[in-house]
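J.: Numbering (the working numbering), first residue to last: 48 to 126. Dropping a structure here in structure tokens format, bear with me for questions.
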Ligand SMILES: [Zn+2]
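Take a look at the structure:
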């Protein structure tokens, strides 16, 4: 199993969660909306074009973290 990239979670003004995914090769961060991600979608680094694919476990983890952050902000809705 290849190492999973690290990511940070941001929320836009519509409260949509997006992930800032750090490229495992060059460290360049690429932002993607959480709801646009799936284990089948290929993500490419905007700098070195490395394929950064998140597996289902990583996406589930990100979804849980986003839900926790949203709860701690006292907000609801969105993806
Ligand atoms: Zn890269």
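For glycine and all other residues, C-beta sits at the position ideal for the given N, C-alpha and C.
In chain order, what residues have a CB nearer than 5 angstroms to some heavy atom of ligand 1?
T.: Here the list is 70, 72, 73, 75, 92, 94, 95, 97.
J.: Is the beta carbon of residue 99 less than 8 angstroms from the beta carbon of residue 90?
T.: Contact: yes.
J.: Straight-line CA distance for residue 73 to residue 61?
T.: Their Cα atoms are separated by approximately 30 angstroms.
J.: Using the three-state DSSP reduction, which class does residue 99 fall into: helix, strand or coil?
T.: If DSSP states are grouped into helix, strand and coil, residue 99 belongs with coil.
J.: DSSP on residue 90, reduced to helix/strand/coil?
T.: Of the three classes helix, strand and coil, the one that applies to residue 90 here is coil, per DSSP.
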